[in-house]
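>
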Amino acid sequence: MSAASAIIQKTPIFGKMFKVDTKNGLEAINAWPALIVMTSFVWLGIAALLGLLMPVIQYYELNTNLFYTSLTLHGAAMAFPFAFQLMVGVSLHRAGGCQGKKANGPLVVLFYIFMNIGALLLTLAVLGGFKVTYTVMFPLPVVGVQTGQWSMEMLILGFSGIALVLISMIFLYPIQVLRMLFFSEKHENLVLSPRTLRDPGMLGMLIAVLILLITGLPLMSVATPILLALYGILPMSMVTWAVEPVVFQFVFYIFAHNLMEAMAIMIVSAVYGTLPLYLADGTRKLYSDKLANAALWILLVTSLTSFFHHFYTMFPALPSTFSYHGNIMSWGTGLGGAFTIFTILATIWKHGIRPEPGMIMILAGFVIYVLDGVTAMVVANVALSFHLHGTMWTGGHAMTVLLAMSLMWMGVLYHHYPVITGRSLDDDRGKSSTKYYFFGGVGLMYAFMAGGASGMPRRIANWSEGGYMFIGILILIFGIMLFYGIILFLTNLSKSRELATE
Ligand code: HEM
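Numbered per this note's numbering, the sequence shown finishes at 595, counting up by one with no gaps.
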C-alpha cells in the first residue's frame, strides 16, 4: 500500500470518504490525488465554518479582530488549499488516466507538503495578527508593520507561507503535469480513457499549466530577493527595485489574475473531457473540437493582458490607454466564454444528455460560472469599476468564480470517484447536494452584488453601523444553504457503497 493510501486510512472522518481501492491496480493514479483532494476538503470544512462565522460576528457586533481573522483565513484557505488543491488532485488523476502516466513521485509529494505547510504557516501568521487580503496590495503588508497592526516577525512568517504556496502552484504542479504529458513512462494498464493533446480536454490542461509557469516566473523573480532580504541574507539596499510598488504590483497581478484564468481554462478543459461521456446517443464527441479549442485559445490570448482591470482606479498612475486595453481584453474573455457556452449547449442539443448527478453538478457549476462572468463584464468596464472597485461586488466576484469552479471539480470528482475508491455514490443525495450548493452559491453571489451596488465596501467590520446588516443576513441564509450542500456531498462520500457488493 502506498504512503498516501496509508495516510488516508489513518485520517479520522475524511479518511473513510477517500479510502482508495488498493486492489484495482490503479493506486499509481489514485492514491496521491485522493490524499490531495481529501486534504482540500479538510480546508474547505474549516473555511466554510469561518465564512458562516463572519455574518454572525457582525450581527452580534463581536470583536472586530475576530472578523478580520476569519475573513483573512476564509479567503486564503478557500482560494489556495481548497480550490486550487482540489483542482490539482482531480486533474492529476485525469492526466494519469488519459495518458497512462503515474500521478505520484517526488514532485507530487513536494507539492502536497509545500501547499499545506505553506497554508499552515500563513494561518499561524494570521492568528498572530497578520491580516492582509489574499489579493494583496503592496506595500500595505509593510505599512501594517509600520502602523503597529502586526509585527515584522508575523509578516515574515506569512510571506514564507505564501512563498511555499506559490512554489507549489508555479513550479511543482505545472512541472509535474508537463512531465506526465511529455516525458514520464507510459503504462498501458493505467490508461483509462486515452486522449491526445489535440483533444480539448488535454489541450486546456497544457495551456493552463503553461500559464501558471510563465506568468508566475516574474513574480517569483521579484518575491525571492524580497524574501531573502527579509531573512537578512541580502542587504535591503539590493532589493529596493523589487519593493517599488509598481514593480511588485504588476508582477503580482500578472500572476494573480492569470492564476484565475488558468484555473478557469483547466476546469473548462475538464468539462470538455467529461461531457462527451454523458451524451445520450453515445457519440462521445463534442459538437465541434475546433470551436472548443478556439475558445481555449481566445481565453488564453485575452486573459494575459486583461489583468490591467485591477488597476483602473489608479489613474493617472496607470495610463488610461492601458485601462481601455484591459477593458477590451476582459470583454474578449467573455467571447471565449461565449464560445464555450455555445459548444456545451450545441453538444447537448445535438446528442442529448444523461442527467447523472456528476454531470448535473458540473453543469450547475458552469451556470454559476457564467452568471459570475456577467458580473465580471460589468466591473471590467472602466467607468463602472470606479463605482464598484473595493466594494462587495469585487469580493463577491472573486468568491463566486472560485465556488463555481469548485462545484465543477466536485462534479468531475463525482465522475471519477468509483474508479478511485471502488465505491459508488447515492444519486439522490448527489442531486440534493448540487441543489443546495447551487441555490446557496447563486444567492450568495447576488447578495454580494447587491451589497456592492449599494456601495458596501469589502472587508469592513461594521456592517450594522453602515446599514448593511440586511445583506449580512442574506449572506448568512445563503451561506447556510451552500454549507448544507457541502455537508450532503461529504455525507454521500462517507456513505458510499462497495461496487462489488451491489
Ligand atoms: C459557506 C458559505 C460562505 C459564506 C457564508 C461566505 C462568506 C463570506 C464573507 C462574509 C466574505 C467577506 C466579504 C468582505 O467583507 O469582503 C467572504 C469573502 C470571500 N470568500 Fe466566502 N463565503 C462562503 C463560501 C465561500 C466559498 C465556497 C469560497 C471559494 C471556494 C469562498 C471564497 C471567498 C473569497 C476568496 C473571499 C474574499 C476574501 C478577501 O477579500 O480577502 N467563500 N466570504
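For every residue, glycine included, the Cβ atom is placed at its ideal position computed from N, Cα and C.
Quick test of your reading: Tyr539 and Gly523, contact by CB under 8 Å. State the CB separation rounded to the nearest angstrom.
As a first step, residue 539 must be located in the sequence shown, where it is residue number 446. As a first step, residue 523 must be located in the sequence shown, where it is residue number 430. 25 Å between Cβ atoms; not a contact.
> Would you list the one or two residues that DSSP bridges to Glu591?
The residue you call residue 591 lines up with position 498 of the sequence shown. For Glu591, which the question treats as bridged, DSSP gives the partners Arg516.
> Below 7 Å, is the gap between the Cβ of Ser499 and the nearest heavy atom of ligand 1?
Numbered from 1 along the sequence shown, position 406 holds the residue referred to as residue 499. Yes; taking the cut-off as 7 Å, the Cβ of Ser499 has a heavy atom of ligand 1 nearer than that.
> Grab the span of the alpha helix (DSSP H) containing Ala431 for me, first residue to last.
By one-based count along the sequence shown, residue 431 stands at place 338. Looking at the DSSP string, the run of the alpha helix (DSSP H) that includes Ala431 is Ser413 to His444.
> Following a CB-centred definition, is Tyr529 positioned closer than 7 Å to any heavy atom of ligand 1?
On the sequence shown, residue 529 is found 436 positions in, with the first residue counted as 1. Flag unset: Cβ of Tyr529 not near ligand 1.
> Three or more beta-carbon pairs under 8 Å between the region 147-158 and the region 121-129, yes or no?
Touching, no.
> Which of helix, strand or coil does DSSP assign to Pro318?
Residue mapping note: residue 318 aligns to position 225 of the sequence shown, counting from 1. It is helical.
> At a cut-off of 7 Å, would you count Gly168 as near ligand 1, judging by its Cβ distance to the nearest heavy atom?
Along the sequence shown, one-based indexing puts residue 168 at 75. Yes.
> On the three-state DSSP scale, how would you describe Thr484?
To locate residue 484, count along the sequence shown from 1; it is residue 391. Reduced to three states, the DSSP call for Thr484 is strand.
> Kindly confirm or deny that the region 333-353 and the region 275-291 touch, where touching means at least three C-beta pairs closer than 8 Å.
Touching, no, given that fewer than three Cβ pairs across the two stretches are closer than 8 Å.
> Between Thr395, Ile455 and Leu372, which lies nearest to Ala439 when the distance is taken from Cα to Cα?
As a position in the sequence shown, residue 439 is number 346, starting the count at 1. The shortest Cα separation from Ala439 among Thr395, Ile455 and Leu372 belongs to Leu372.
> Run through DSSP, which three-state label would Leu370 get?
Here residue 370 refers to the residue found at position 277 of the sequence shown. The answer is helix: DSSP assigns Leu370 an H, G or I state.
> Taking only three categories from DSSP, how would you classify Pro448?
Residue 448 sits at position 355 when you count from the first residue of the sequence shown. Reduced to three states, the DSSP call for Pro448 is coil.
> Identify the residues that DSSP records as bridge partners of Pro267: which are they?
In the sequence shown, the residue the question calls residue 267 occupies position 174. Pro267 pairs with nothing; no bridge assigned.
> Where His482 and Ser95 are concerned, what is the direct C-alpha to C-alpha distance, given to the nearest angstrom?
Position 389 of the sequence shown, counted from the start, is the residue given in the question as residue 482. Position 2 of the sequence shown, counted from the start, is the residue given in the question as residue 95. Approximately 48 Å between the Cα atoms of the pair.
> Select from Ile106, Tyr529 and Ala546 the residue whose C-alpha is nearest the C-alpha of Tyr577.
Against the sequence shown, residue 577 aligns to sequence position 484. Minimum Cα distance to Tyr577 is reached at Tyr529.
> In terms of residues, what are the limits of the alpha helix (DSSP H) holding Tyr161?
Locating residue 161 in the sequence shown gives position 68, where the first residue counts as 1. Residues Thr157 to Ala170.
> Distance cutoff 8 Å, beta carbons only. Does Pro409 sit that close to anything in chain D?
No chain D appears in the structure shown, which is made up of a single protein chain.
> Whose C-beta lies closer than 6 Å to the C-beta of Lys443 among residues of the same chain, with five residues either side of it excluded?
Taking the first residue of the sequence shown as 1, we reach residue 443 at position 350. Excluding positions up to five away in sequence, the list reads Tyr380.
> Out of Leu146, Leu220, Ser589 and Leu164, which has the shortest C-alpha to C-alpha gap to Gly515?
The count along the sequence shown starts at 1 and reaches residue 515 at position 422. Out of Leu146, Leu220, Ser589 and Leu164, Ser589 has the C-alpha closest to the C-alpha of Gly515.
> Decide if Gln488 is buried, meaning its Cβ has at least 16 other Cβ atoms within 10 Å, or exposed.
Walking along the sequence shown from the start, residue 488 turns up at place 395. First, the residue type needs correcting, since residue 488 is Gly and not Gln in the sequence shown. Classification of Gly488: buried, given that the 10 Å Cβ count is 16 or more.
> How is Pro293 classed by DSSP in three states: helix, strand or coil?
For the purposes of this step, residue 293 is taken as residue 200 along the sequence shown, with counting starting at 1. It is helical.
> Using 7 Å as the cut-off, classify the Cβ of Ala144 as near or not near the heavy atoms of ligand 1, replying yes or no.
Here residue 144 refers to the residue found at position 51 of the sequence shown. Residue 144 is actually Gly in this sequence, not Ala. Within the cutoff, so yes.
> Is any heavy atom in ligand 1 found nearer than 7 Å to the beta carbon of Leu155?
Here the question's residue 155 lines up with position 62 in the sequence shown. No, since every heavy atom of ligand 1 falls outside the 7 Å radius drawn around the Cβ of Leu155.
> Please confirm if the region 174-189 is in contact with the region 494-505, defined as three or more CB-CB distances below 8 Å between the two stretches.
Contact between the region 174-189 and the region 494-505 is present, because at least three Cβ pairs lie under 8 Å.
> How should Pro267 be labelled, buried or exposed, when 16 other C-beta atoms within 10 angstroms of its C-beta is the threshold for buried?
By 1-based counting over the sequence shown, the position of residue 267 is 174. Per the 10 Å Cβ criterion, buried.
> Under the three-state reduction of DSSP, which class applies to Pro199: helix, strand or coil?
Taking the first residue of the sequence shown as 1, we reach residue 199 at position 106. Pro199: helix per DSSP, three-state reduction.
> Is it buried or exposed for Val130, if we count other Cβ within 10 angstroms and need 16 for buried?
Counted from its first residue, the sequence shown places residue 130 at position 37. Val130 is buried by the Cβ-count criterion.
> So, for Glu595: in the same chain, excluding its five sequence neighbours on each side, which residues have a beta-carbon less than 8 Å away from its beta-carbon?
Mapped onto the sequence shown, residue 595 falls at position 502. The predicted model places Glu595 with a pLDDT of 45, which falls under 50 and marks its position as unreliable, so this point remains unresolved.
> Decide if the region 210-222 is in contact with the region 238-250; the criterion is three or more beta carbon pairs, one per stretch, under 8 Å apart.
Yes: the two stretches touch, three or more of their Cβ pairs being nearer than 8 Å.
> By Cβ distance, which residues of its chain are closer than 6 Å to Gly366, with the 5 residues on each side in sequence left out?
Numbered from 1 along the sequence shown, position 273 holds the residue referred to as residue 366. Gly294, listed in sequence order.
> Along the alpha helix (DSSP H) that carries Ser547, what are the first and last residues, could you check?
Walking along the sequence shown from the start, residue 547 turns up at place 454. It is not in any alpha helix (DSSP H) - Ser547 carries neither H nor E in the DSSP assignment.
> Okay, do the region 229-239 and the region 321-330 touch, 3+ Cβ pairs below 8 Å being the bar?
Flag = no, the region 229-239 and the region 321-330 do not touch.
> Leaving out the 5 sequence neighbours to the left and right, which residues in its chain are closer than 6 Å to Thr493 when beta-carbon positions are compared?
Within the sequence shown, the letter at position 400 stands for residue 493. Correct list, in chain order: Asp465 and Met538.
> Given this structure, state the Cα-to-Cα distance separating Leu146 from Leu392, to the nearest angstrom.
Translated into positions along the sequence shown, residue 146 becomes position 53. Translated into positions along the sequence shown, residue 392 becomes position 299. Distance between the alpha carbons of Leu146 and Leu392 is about 36 Å.
> Taking 7 Å as the cut-off, is the beta-carbon of Tyr227 closer than that to any non-hydrogen atom of ligand 1?
On the sequence shown, residue 227 is found 134 positions in, with the first residue counted as 1. Indeed, a heavy atom of ligand 1 lies less than 7 Å from the Cβ.
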